[in-house]
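Enquirer:
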Amino acid sequence: MQPATNGWSIVIAYFLIYVVWGSTYYFIGVALQDFPTFLLGALRFTAAGLILLAVCLFRGERVFRSELVRRSAVSGIVLLFIDMAVVMLAQRYINSSLVAIVASSTAIWIMLFDIPMWKYNFRSVKTSGGIVLGFLGVILLYFEQVGLEATDGSHREYGILILIAGCISWALGTLYAKYCSSGAEDINAFSGSAWQMLFASMMFWICAFISGELETLRQIHIVLSSWLSLVYLVVFGSLLAYSAYVWLLKVRPAAEVATHAYVNPVVAVVIGGSLGNERITVIQLFGLAVILISVVLVNKNNHTKYKNNEYD
10 MQPATNGWSI VIAYFLIYVV WGSTYYFIGV ALQDFPTFLL GALRFTAAGL
60 ILLAVCLFRG ERVFRSELVR RSAVSGIVLL FIDMAVVMLA QRYINSSLVA
110 IVASSTAIWI MLFDIPMWKY NFRSVKTSGG IVLGFLGVIL LYFEQVGLEA
160 TDGSHREYGI LILIAGCISW ALGTLYAKYC SSGAEDINAF SGSAWQMLFA
210 SMMFWICAFI SGELETLRQI HIVLSSWLSL VYLVVFGSLL AYSAYVWLLK
260 VRPAAEVATH AYVNPVVAVV IGGSLGNERI TVIQLFGLAV ILISVVLVNK
310 NNHTKYKNNE YD
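Take 10 as the starting number for the sequence shown in our numbering and just add one per residue.
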């Protein structure tokens, strides 16, 4: 990928974090039918991190810089490990569509914590209105989903509380990756993403060992659909989508990039309804339409500001 002047790079990157990332919620749910939670994260990010690091080495990038490794360790643990761990844990209680819906509140947290951009984000009626409108759409979907679910003693409230903590962690990790994770010279490099995945995988391996998942693995029969879901998560969810996300944070405003959290539920609900036989209602379709309108408002306004150099 080239700098922000390459429009096609931005279009492809947004497709990856909007559509491909939205689909990962479903495939996480499929993989979790056989894989233990922490072991799934360990395998996913170990494979993705090693492959991406090898690609960076082949391209001649300086991947073993101490500053890059140190900063990537922080963002990898906060951004990837904590958030993905809680997403997978939450899917033990609630379905993939609802997970994506609640996770879309990440965009709100990013705007609240992105202090350097307050004067731009909250000065614009379109950006603020788009964020608020998107959040209203999320609330509509959330209450509709909760109303559909019968009380079955599965402690769904635990999943939602876990997700909120994960959303805050993802927001803080996103802002750290944008402002502190690497310097401007790394704008065309993905070595930072590789190290982030490897440090996240290290934490997943530790948790898998402590929780005893490695011992129980011998008693688990993993079917082909779970293995294929893991491959999809490695290739499309991590290697492509996550790398695109880190790159976009360097060339676009964090509040704009965070709109992926509003589009992901659209994809998750559609895939959940078509492949996972999850119910899709008129209220859901209306809520998703509201979310899409909010994304258009935020992206259009931020694009205008970038074009006019108002962020300088």
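Even for Gly, the Cβ is constructed at its ideal location relative to N, Cα and C.
1) Closer than 6 Å by C-beta to P274: which residues in its own chain qualify, once you throw out the five before and the five after it? Chain order, please.
2) Expressed to the nearest angstrom, what Euclidean distance is found between the alpha-carbon atoms of I21 and V28?
3) M120 and I140: beta carbons closer than 7 Å?
4) Give the secondary structure of T115 by DSSP, where H, G and I count as helix, E and B as strand, and everything else as coil.
5) Please state the DSSP three-state secondary structure of V134.
6) Give the single residue among V72, F24 and F208 whose Cα lies nearest to the Cα of L88.
7) At a cut of 8 Å, does the segment 261-278 reach the segment 169-188 through at least three beta carbon pairs?
8) Quick check: what's the CA-CA separation for N286 versus Y34?
9) If you follow the alpha helix (DSSP H) that R53 is in, where does it begin and where does it stop?
10) Under three-state DSSP, which class holds V141?
11) By the DSSP assignment, the alpha helix (DSSP H) with F213 in it spans what residues?
12) Classify T268 as helix, strand or coil using the three-state DSSP reduction.
13) Quick check on Q228: buried or exposed, where buried means 16 or more other Cβ atoms within 10 Å of its Cβ?
14) Do you know how far the Cα of I37 is from the Cα of V243?
15) DSSP state of C189, grouped into three classes?
16) Span of the alpha helix (DSSP H) holding R79?
17) For L96, which three-state DSSP category applies?
18) Within the continuous alpha helix (DSSP H) that includes V255, where are the two ends?
19) Assuming C65 contacts S247 (C-beta within less than 8 Å), just tell me the rounded distance between them.
20) Tell me whether T225 is buried or exposed, calling it buried when 16 or more other Cβ atoms sit within 10 Å of its Cβ.
21) Less than 8 Å between C-beta atoms, sequence neighbours within five positions excluded: which residues of the same chain meet that for V72?
22) Nearest-angstrom Cα distance between L284 and A40?
23) Over what stretch of residues does the alpha helix (DSSP H) that includes S247 continue unbroken?
24) Taking the C-alpha atoms as reference points, what is the distance between G281 and G31?
25) So for L89, helix, strand or coil by DSSP?
26) Report the three-state DSSP secondary structure of I229 (helix, strand or coil).
27) Note down, in chain order, each residue of its chain lying with its Cβ closer than 6 Å to the Cβ of I300, except the 5 sequence neighbours on either side.
28) At the level of alpha carbons, what is the spacing between V134 and S303?
29) How far does the alpha helix (DSSP H) with Y34 in it reach, from first residue to last?
30) Of the residues S105, V255 and V276, which one's Cα is nearest the Cα of L184?
Expert: Well, looking at it:
1) Within the sequence shown, the letter at position 265 stands for residue 274. Excluding residues within five positions, the ones whose Cβ falls inside 6 Å are A109, I110 and S113.
2) Position 12 of the sequence shown holds residue 21. Position 19 of the sequence shown holds residue 28. Their backbone Cα atoms lie some 10 Å apart in a straight line.
3) Here the question's residue 120 lines up with position 111 in the sequence shown. Here the question's residue 140 lines up with position 131 in the sequence shown. Closer than 7 Å, so yes.
4) Here residue 115 refers to the residue found at position 106 of the sequence shown. DSSP places T115 in helix when its eight states are reduced to three.
5) For this step, residue 134 is matched to residue 125 along the sequence shown. Correct three-state label for V134: helix.
6) Stepping through the sequence shown from its first residue, residue 88 is reached at position 79. Nearest of V72, F24 and F208 to L88, Cα basis: F208.
7) The segment 261-278 is in contact with the segment 169-188.
8) Residue 286 sits at position 277 when you count from the first residue of the sequence shown. Residue 34 sits at position 25 when you count from the first residue of the sequence shown. If I take the Cα positions, the gap works out to 14 Å.
9) Start at 1 with the first residue of the sequence shown, and residue 53 comes out as number 44. Start and end: T46 to F67.
10) Here the question's residue 141 lines up with position 132 in the sequence shown. The answer is helix: DSSP assigns V141 an H, G or I state.
11) Here residue 213 is taken as the residue at index 204 of the sequence shown, counted from 1. In this chain, the alpha helix (DSSP H) harbouring F213 covers S200 to I219.
12) Walking along the sequence shown from the start, residue 268 turns up at place 259. It is coil, neither helix nor strand.
13) Residue mapping note: residue 228 aligns to position 219 of the sequence shown, counting from 1. Classification for Q228: exposed.
14) Here residue 243 refers to the residue found at position 234 when the sequence shown is read from its first residue. Here residue 37 refers to the residue found at position 28 when the sequence shown is read from its first residue. Rounded to the nearest whole angstrom, the CA to CA distance from V243 to I37 is 11 Å.
15) Reading the sequence shown from its first residue, position 180 is the one you call residue 189. If DSSP states are grouped into helix, strand and coil, C189 belongs with coil.
16) Position 70 of the sequence shown holds residue 79. Note, R79: alpha helix (DSSP H), S75 to S84.
17) The residue you call residue 96 lines up with position 87 of the sequence shown. Residue identity differs from the one stated: residue 96 is Val in this sequence, not Leu. Three-state result, V96: helix.
18) Taking the first residue of the sequence shown as position 1, residue 255 is located at position 246. V255 -> alpha helix (DSSP H) spans S252 to V260.
19) Walking along the sequence shown from the start, residue 65 turns up at place 56. Walking along the sequence shown from the start, residue 247 turns up at place 238. Their Cβ separation, rounded to whole angstroms, is 14 Å, which puts C65 and S247 out of contact at 8 Å.
20) For the purposes of this step, residue 225 is taken as residue 216 along the sequence shown, with counting starting at 1. Exposed, by the Cβ-count rule.
21) Here residue 72 refers to the residue found at position 63 of the sequence shown. Listed in chain order, the non-local C-beta contacts of V72 below 8 Å within the same chain comprise L62, C65, L66, S200, A203 and W204, local neighbours out to five positions each way being set aside.
22) As a working note, residue 284 is residue 275 in the sequence shown. As a working note, residue 40 is residue 31 in the sequence shown. Computed Cα separation, rounded: 14 Å.
23) Counting from one through the sequence shown, the residue named residue 247 turns up at place 238. Note, S247: premise wrong, no alpha helix (DSSP H); not H, not E.
24) The residue given as residue 281 occupies position 272 in the sequence shown. The residue given as residue 31 occupies position 22 in the sequence shown. Straight across, the Cα-Cα distance linking G281 with G31 is about 10 Å.
25) Here residue 89 corresponds to residue number 80 of the sequence shown, with the count starting at 1. If DSSP states are grouped into helix, strand and coil, L89 belongs with the helices.
26) Looking up residue 229 in the sequence shown gives position 220. Judged by DSSP in its simplified three-state form, I229 adopts coil rather than helix or strand.
27) Here residue 300 refers to the residue found at position 291 of the sequence shown. So the qualifying residues of the chain are G143, G146 and Y271.
28) Working through the sequence shown from its first residue, we reach residue 134 at position 125. Working through the sequence shown from its first residue, we reach residue 303 at position 294. V134 and S303 have their C-alpha atoms roughly 12 Å apart.
29) Numbered from 1 along the sequence shown, position 25 holds the residue referred to as residue 34. Per DSSP, Y34 belongs to the alpha helix (DSSP H) from W30 to A40.
30) Taking the first residue of the sequence shown as 1, we reach residue 184 at position 175. Per the Cα distances, V255.
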